[in-house]
Structure formats: C-alpha cells, structure tokens
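For the record, the sequence lines run as chains D and G.
If you're matching positions, the first sequence starts at 1 in my numbering and goes up one per residue.
If you're matching positions, the second sequence starts at 154 in my numbering and goes up one per residue.
Inspection log for the structure reproduced underneath, given as structure tokens.
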Amino acid sequence: MAKASQSQTEAYRRQQKKAKPPVPWARNLFWAFLVGGLICTAGEAVLKFFMAQGLRADQAAVPTSAVMVLVGSLLTGLGVYDELVRLGGMGAALPITGFANSIVAPAMEFKREGWVMGVGARMFQVAGPVIVYGLVASFAVGLVWFLVHGGTR
Amino acid sequence: MAVATKEAPRRLGERTFRFPAEPRIVATGSIAGRMEAEGPLGAEFDETVSDSLLGQASWERAERELMRRAVEHAVRKAGWTLGDVDFMFGGDLLNQIVSTSFAARDLDIPAFGLFSACATLTAALTLAAMAVDGGYARRALAAVSSHHDTAERQYRFPTEFGNQRPPTAQWTATAGAAFLLAAEGEGPRITMATPGRVVDYGLKDPFDMGSAMAPAAADTIAAHLRDTGRDPSDYDMVLTGDLAAVGTPLVRELLAQRGYDIEDVHEDCGLLLYDRERQDVHAGGSGAACSGATVAAHIWKRLAQGDLRRVLLVATGALHSPTTYQQGETIPCVAHAVVLEAPRAAGG
Numbered sequence: 001m002a003k004a005s006q007s008q009t010e011a012y013r014r015q016q017k018k019a020k021p022p023v024p025w026a027r028n029l030f031w032a033f034l035v036g037g038l039i040c041t042a043g044e045a046v047l048k049f050f051m052a053q054g055l056r057a058d059q060a061a062v063p064t065s066a067v068m069v070l071v072g073s074l075l076t077g078l079g080v081y082d083e084l085v086r087l088g089g090m091g092a093a094l095p096i097t098g099f100a101n102s103i104v105a106p107a108m109e110f111k112r113e114g115w116v117m118g119v120g121a122r123m124f125q126v127a128g129p130v131i132v133y134g135l136v137a138s139f140a141v142g143l144v145w146f147l148v149h150g151g152t153r
Numbered sequence: 154m155a156v157a158t159k160e161a162p163r164r165l166g167e168r169t170f171r172f173p174a175e176p177r178i179v180a181t182g183s184i185a186g187r188m189e190a191e192g193p194l195g196a197e198f199d200e201t202v203s204d205s206l207l208g209q210a211s212w213e214r215a216e217r218e219l220m221r222r223a224v225e226h227a228v229r230k231a232g233w234t235l236g237d238v239d240f241m242f243g244g245d246l247l248n249q250i251v252s253t254s255f256a257a258r259d260l261d262i263p264a265f266g267l268f269s270a271c272a273t274l275t276a277a278l279t280l281a282a283m284a285v286d287g288g289y290a291r292r293a294l295a296a297v298s299s300h301h302d303t304a305e306r307q308y309r310f311p312t313e314f315g316n317q318r319p320p321t322a323q324w325t326a327t328a329g330a331a332f333l334l335a336a337e338g339e340g341p342r343i344t345m346a347t348p349g350r351v352v353d354y355g356l357k358d359p360f361d362m363g364s365a366m367a368p369a370a371a372d373t374i375a376a377h378l379r380d381t382g383r384d385p386s387d388y389d390m391v392l393t394g395d396l397a398a399v400g401t402p403l404v405r406e407l408l409a410q411r412g413y414d415i416e417d418v419h420e421d422c423g424l425l426l427y428d429r430e431r432q433d434v435h436a437g438g439s440g441a442a443c444s445g446a447t448v449a450a451h452i453w454k455r456l457a458q459g460d461l462r463r464v465l466l467v468a469t470g471a472l473h474s475p476t477t478y479q480q481g482e483t484i485p486c487v488a489h490a491v492v493l494e495a496p497r498a499a500g501g
C-alpha cells in the first residue's frame, strides 16, 4: 500500500522525531528578548518625545503607535523587517511594527495582481485573522465586564 | 522471432524499464540565482543572475525566463536550433504549471506539461527517454524550473512578511535546467528508469518536506534495486533530489531496514547546491530546479568526463497544495528514478 498503515506511520514518526534537528530555543529566546526589547525601547523613546511636547501619557500613545506603524512599514518596504523577524521571531512579530509588516508585506506582494483583487483583497491575508479574533476577544471581555460591573466604570 | 530474441525485454521486474537505445543527454543548460551562484556549484552554471526578477515585471515572469534561458543554453551548446527539438517535457511548481506553458509558448516547441512537484526532473527525463527510445522523437527536451519567491508566495507567505522558519524548512532554489536527449550523438546515457508510487506516511508539516519525502525515495530505490538485482555498490552515486539534512539520514535508515546500505554512495542535491555552514537555507535546498540545476551543471559534467560511471538519480516531490494542508491532509510524496551512465567511450 502506498498509503502507510497506522503502525508503519507511528514507527516512522518515532524515527523521524529522532532525525529532526532541535529548535534552538535558547538562541531564539535571547534574540527575541533583544530585538523585542529594542523595538519597545524605541517605542518608549517616541512616547517620551511626545510627552515632552506636552501630551499626557494616554494622549501620547496614539501618535506613538502611528510612528511605530510608519517605521514598521518603512522597514518592510526596505526589505529589512523580514530579516528582523527571522532573527527575533515573536520579539519582532508581536509589537505593532510587526503588525504593520503583516499588512504592508502582502500589499507589496500582490500589487502585481492589481489594486482591487491584489492589494485590496489580499492586504489583510495575514492580519485579517488577528483583527477578526481580536474583535471577538474584545467583545467577549466587554461582555464579561458588563455582566460583572453592570455597565458602569 | 529474430527481432524479439535480439532485443532484451524493456521491462524488468515489478516496475523498472530499460532503454535499449540508451538515449544520450547530448547537452544541458542551467541558469541560477544569487544564492545558488554563491553556493559550492556557483562556477558551474551556464549563467547566473543576481536580480531575482531578471528584469521582469513579476517573479512569475522571471521564473519562465529561467526555464526559457536554460533551454536556450542547452540548445546552443548542442549546436542545435529550437526547431530541431521534436518535443519537450517540462514542469514547475506553480499552479497550472504556468512557467512551463508560458516558456513553451515563447520557445514554440510542442510541449507536454508535467507536475510531480520536485520529482518533475526525473519524470521529464523518463518520458523524454521513452520517447527517444521508442523512436517517437529523435530529439527531445526535458526542462524544469523553480523560483524561491514564486514558491514562497504560493505555498507559504508574502516574501517580505517576517516569520521564523523552523530548522527543518528548506530553501526553494531559483534556477532553471534543461536536458537535450537524442538517439544519437555523444553524452551521458539514460539506461533505465523506475517510476515511483505515491507514498504517504502520514506527515503533515509543510515545513518539513524532507521527512515526508524520505519514504517515497526509499520505496523507489528499493524497488529499483529489487527489480534489477543490483546492489547500491553497483552505483558510483545514489543521488536523491531534495531530502536535505532532515530527510537524508531518514532515507538511509529506511533503506537499511530493508537491507540496503546506501550510506557510502548517497548524496542529496539539496545538500550539494548550498553550503549550509555559510548560507541560511536551514535544512538545505528544494524545488524542481534544485535537483535540475545540480544535475545539469555538475553531475552531467562528471558523467561526461567519466569521473562518475553510473548514477541512480532519484528526484523527490511533495505533492501537497496550500489547500490540502490547510484542510489538515497529509503530504503524499513521489520519487522517480533514472539511471544515468557515462558515455560509452569514457565509460570504457
């Protein structure tokens, strides 16, 4: 049989697990900490800059996000951001700069398929699920808040 | 009758066949991208390009260009014109094998498009050899292409999207390769072929194709050795397509379990094309043109010089699509084998 039996499959899986190179956890964690830490430090510096211009912390957060999205997009366009994630993993993918990368990368990629069916339809290929389940999660949290606090803050 | 007794039977055992006419590979053509040019075989390609777009408007167009130029190099080196080619067998990794069809449109050669993923090289060589051996073509062409960026965007993520690949992942080669087969002339011979069954050992990880493909390679190699009554030591090299660092120990182990020790003669194109110490290709190379370019540029030369006498070339392919793996299906794989031998004069 060209489709292996259950026992063949299991025997092969055991064999294959031994042959698999180990994921370099320590190295990955180190770089994730370093790259993620640097991005967050840069974000903090931008935040401090806006606060020095007289904005309150909560007010300064909005232009800070905008600047970081711009930086993430720019680095994606320059072909640098994918290298940063290759090194830093989640350290570079998780901050808002990574979110920007996940939108700009497909937008660049599918421009050749046109503005509507290419850029328009594919832009959220990666970020779409994040937005959908982010909304679902915030709805669920909001519902719990409402049930516990009865709509008052 | 007289004719029937003179000719040895074409079929051997369960699924191997011989080519009594021994079609020659009279010339090959190869073109490779920047990563491949920086690899250990960099100096051997007919042409290398540093621009992954090859001056084209899209990577898809660039990939066609790779195939077209590989064919033109082969035809030029053979001293033929495109009109001398009776027909071509070609394939690539893209949906509807567009690289092959569009290249064939520009080349204006009667063409058959093939899809066996990265095993397409040996599928094309087998069919081209059959056509020449059977007298249906005097001159036939086998061609493959693959492109890192077209494969990434089709199978995985947009190319500029940041993601961390696991160490089992492989690097799709940006290259094109073409082989010109003829009933007469000088060149390494194709003497046998063993087509592969589609084998599925239940693996699902598209970032670990070496593990998925190793059982298919082992199945075909074992069938070939059984059918021919040969031993791995009858070959100077058993050359798999793109099992890379993860699949290589697995295929050796699987064959050892069946009583065949290939350790001493086994090589893998996925490990020959790049230097994993220097180049960030994780487990090694993959793609239809990974084996294609390695054989066209490097192995063909060694056979032609008589430095290698007999090679069992086993290209391996993972036959999944993005749709099938998103739907949770396992990865069926195939490996087709051909026997390449040094030219009669050089081989003694």
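Every residue, glycine too, gets a C-beta built ideally from N, C-alpha and C.
Cutoff 8 Å: residue i Cβ touching any chain D Cβ
| i | result |
| --- | --- |
| Ser474(G) | no |
| Ala490(G) | no |
| Gly315(G) | yes |
| Pro319(G) | yes |
| Ser364(G) | yes |
| Pro311(G) | yes |
| Tyr308(G) | no |
| Arg350(G) | yes |
For residue i, the nearest candidate out of the options (CA to CA)
| i | options | result |
| --- | --- | --- |
| Asp361(G) | Val23(D), Gln6(D), Ala4(D) | Val23(D) |
| Ala105(D) | Leu74(D), Lys17(D), Gly89(D), Leu87(D) | Leu74(D) |
| Val85(D) | Lys17(D), Phe146(D), Ala11(D), Phe33(D) | Phe33(D) |
| Ala215(G) | Ala295(G), Glu189(G), Ile343(G), Ser299(G) | Ser299(G) |
| Ala471(G) | Ala375(G), Met366(G), Val448(G), Ala304(G) | Met366(G) |
| His451(G) | Gly166(G), Glu197(G), Arg217(G) | Glu197(G) |
| Leu396(G) | Ala468(G), Leu456(G), Gly244(G) | Ala468(G) |
| Gly192(G) | Gly440(G), Val434(G), Ser474(G) | Val434(G) |
| Thr327(G) | Glu494(G), Thr447(G), Arg318(G) | Thr447(G) |
| Met283(G) | Leu425(G), Pro319(G), Ala336(G) | Ala336(G) |
Residue i vs residue j beta-carbon contact at 8 Å
| i | j | result |
| --- | --- | --- |
| Gln6(D) | Tyr354(G) | no |
| Glu200(G) | Arg229(G) | no |
| Arg101(G) | Met345(G) | Nothing about residue 101(G) can be read from this structure; chain G reaches only from 154 to 501. |
| Gln323(G) | Gly232(G) | no |
| Asp82(D) | Glu225(G) | no |
| Gly329(G) | Met188(G) | no |
| Thr273(G) | Glu305(G) | no |
| Arg342(G) | Pro176(G) | yes |
| Gly43(D) | Ala92(D) | no |
| Ile96(D) | Val69(D) | yes |
| Ala256(G) | Ala277(G) | no |
| Ala441(G) | Leu260(G) | no |
| Ala398(G) | Arg429(G) | yes |
Environment of residue i [buried if 16+ CB atoms lie within 10 Å]
| i | result |
| --- | --- |
| Val130(D) | exposed |
| Glu109(D) | buried |
| Arg411(G) | exposed |
| Thr373(G) | buried |
| Glu482(G) | exposed |
| Thr234(G) | exposed |
| Leu147(D) | exposed |
| Tyr427(G) | buried |
| Gly114(D) | exposed |
| Gln16(D) | buried |
Residue i, DSSP secondary structure in three states
| i | result |
| --- | --- |
| Asp460(G) | coil |
| Asp259(G) | helix |
| Ile184(G) | strand |
| Asp302(G) | helix |
| Gly440(G) | coil |
| Ile374(G) | helix |
| Arg292(G) | strand |
| Thr234(G) | coil |
| Thr312(G) | coil |
| Glu189(G) | helix |
| Ile178(G) | strand |
| Leu407(G) | helix |
| His435(G) | coil |
| Gly329(G) | strand |
Cβ of residue i within 8 Å of any chain G Cβ
| i | result |
| --- | --- |
| Arg14(D) | no |
| Tyr81(D) | yes |
| Ser73(D) | no |
| Ala121(D) | no |
| Lys48(D) | no |
| Met108(D) | yes |
| Ser7(D) | no |
| Pro95(D) | no |
| Gly161(D) | In the structure displayed, chain D extends from 1 to 153; residue 161(D) sits before or after that span and is not available. |
| Phe99(D) | no |
Contact test: residue i Cβ vs the ligand NAD heavy atom, cutoff 7 Å
| i | result |
| --- | --- |
| Arg86(D) | Among the components modelled here there is no ligand, and therefore nothing to report on the ligand NAD. |
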